[in-house]
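In the working numbering, the protein residues as written are 19 to 324. C-beta: ideal position from N, C-alpha, C; glycine also. Remember, it's a predicted structure, so these values are computed and weren't measured experimentally. Shown next, in structure tokens, is the structure this report addresses.
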Ligand code: FE
Ligand code: FE
Ligand code: ZN
């Protein structure tokens, strides 16, 4: 007798269970991790994230307040690649320092942004598929138009033909003179970038909620808007944070998952949304490592697709 496809699927289901079946059918792995200190190297981060149940992580390319990056350690890097392959660690996310501000009125601040980003990308080219996230910047009084012009100038000067790293613009809450509060501003930056296949977006849930995008009551409406203005194909990563501040407050204060104004239900919807479920999610919540472990466990229980 011949089995039809559904018979086989049922047999597999009863023997192997839902997880294996979803995997065989191309079901996906939940890509979840958190921000980690890079002080023990890439391999240290790799071991740490596996130890707390995650499979990807974010780290600062250098001290978040700027300064020099750690010396490149090729042995650590190769050790990490091997460890990552064996342990299913997905693409990791590098975060630029907060002091990097290509939209500044000050020449020396923009010069630092250039040197820092150029150097960070240089290092990241060691990877095959690095993601490099930065805050577009604050125009510090010279206006959004001039700020955006400077950001585009920086990107076009550090990006080069054949580069493997993808640079991500982070969506911002809009505090002070921050650029990147609206999808339109992000779109204008992308429009000015020459190497369009190497530019993307990292959506921060705390920031967009503070910026006035109602991901709690109308997630699909927000994603439609993102798609219309930027294009969802540009979305490469999610910073998964709850918020201490009310909707549309333009304030940037992260909260632990489920304890803030976004709440666990909305966050569960976000990780399970069919348009988002395949993306890597990075926690930047105010936690120690044990707190991250608990949040990762909670989110893995809430994820329906694996
Ligand atoms: Fe950030
Ligand atoms: Fe963020
Ligand atoms: Zn933030």
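| Query | Result |
| --- | --- |
| Sub-8 Å separation of residue 79 and residue 138 beta-carbons | yes |
| Touching by the beta-carbon criterion (3+ pairs, under 8 Å), the segment 140-147 and the segment 168-184 | yes |
| Residues near residue 224 by beta carbon distance below 6 Å, same chain, minus five either side | 259, 261, 272 |
| Residue environment, residue 100, which counts as buried when at least 16 other CB atoms sit within 10 Å | exposed |
| Residue ranges of each beta strand (DSSP E) within the segment 99-124, 3 or longer | 111-113 |
| Exposure label - residue 152; buried when at least 16 CB within 10 Å | buried |
| For residue 148, three-class secondary structure by DSSP | coil |
| Sheet register partners of residue 156 (DSSP bridge) | 196 |
| Exposed unless 16 or more other CB atoms sit within 10 angstroms - verdict on residue 214 | exposed |
| Runs of beta strand (DSSP E) wholly within the segment 185-269 (minimum 3 residues, chain order) | 217-222, 253-258 |
| beta-carbon residue 220 near ligand 3 non-hydrogen atom, thresh 7 Å | no |
| Cβ-heavy atom distance, residue 333 to ligand 2, below 7 Å | Any question about residue 333 goes unanswered here, given that the chain covers just 19 to 324. |
| Short Cβ contact (8 Å threshold) for residue 256 with residue 300 | yes |
| Assigned secondary structure, residue 278 (DSSP; H/G/I helix, E/B strand, else coil) | coil |
| Residue 286 (DSSP reduced to helix, strand or coil) | helix |
| Chain-order list of residues whose beta-carbon lies under 7 Å from that of residue 193 (same chain, five-residue window excluded) | 268, 269, 270 |
| Assumed close pair residue 314, residue 70 - CB separation to whole angstroms, cut-off 8 Å | 6 Å |
| Paired residues, beta bridge with residue 76 - DSSP | 53, 111 |
| Nearest-angstrom Cβ-Cβ length linking residue 298 and residue 86, presumed shorter than 8 Å | So it is not a contact: roughly 28 Å between Cβ atoms. |
| Which of helix, strand or coil DSSP assigns to residue 273 | strand |
| Euclidean distance between Cα positions of residue 188 and residue 104 | 30 Å |
| Selected residue, minimal CA-CA separation from residue 160, among 121, 128, 62 | 121 |
| Spatial distance of residue 244 from residue 286 (CA atoms) | 19 Å |
| Rounded separation between residue 202 and residue 209 - CA only | 10 Å |
| Beta-carbon separation (whole angstroms), residue 191 vs residue 157, contact threshold 8 Å | Rounded, the Cβ-Cβ distance is 15 Å, inconsistent with contact. |
| CA-to-CA distance, residue 125 to residue 323, given in whole angstroms | 48 Å |
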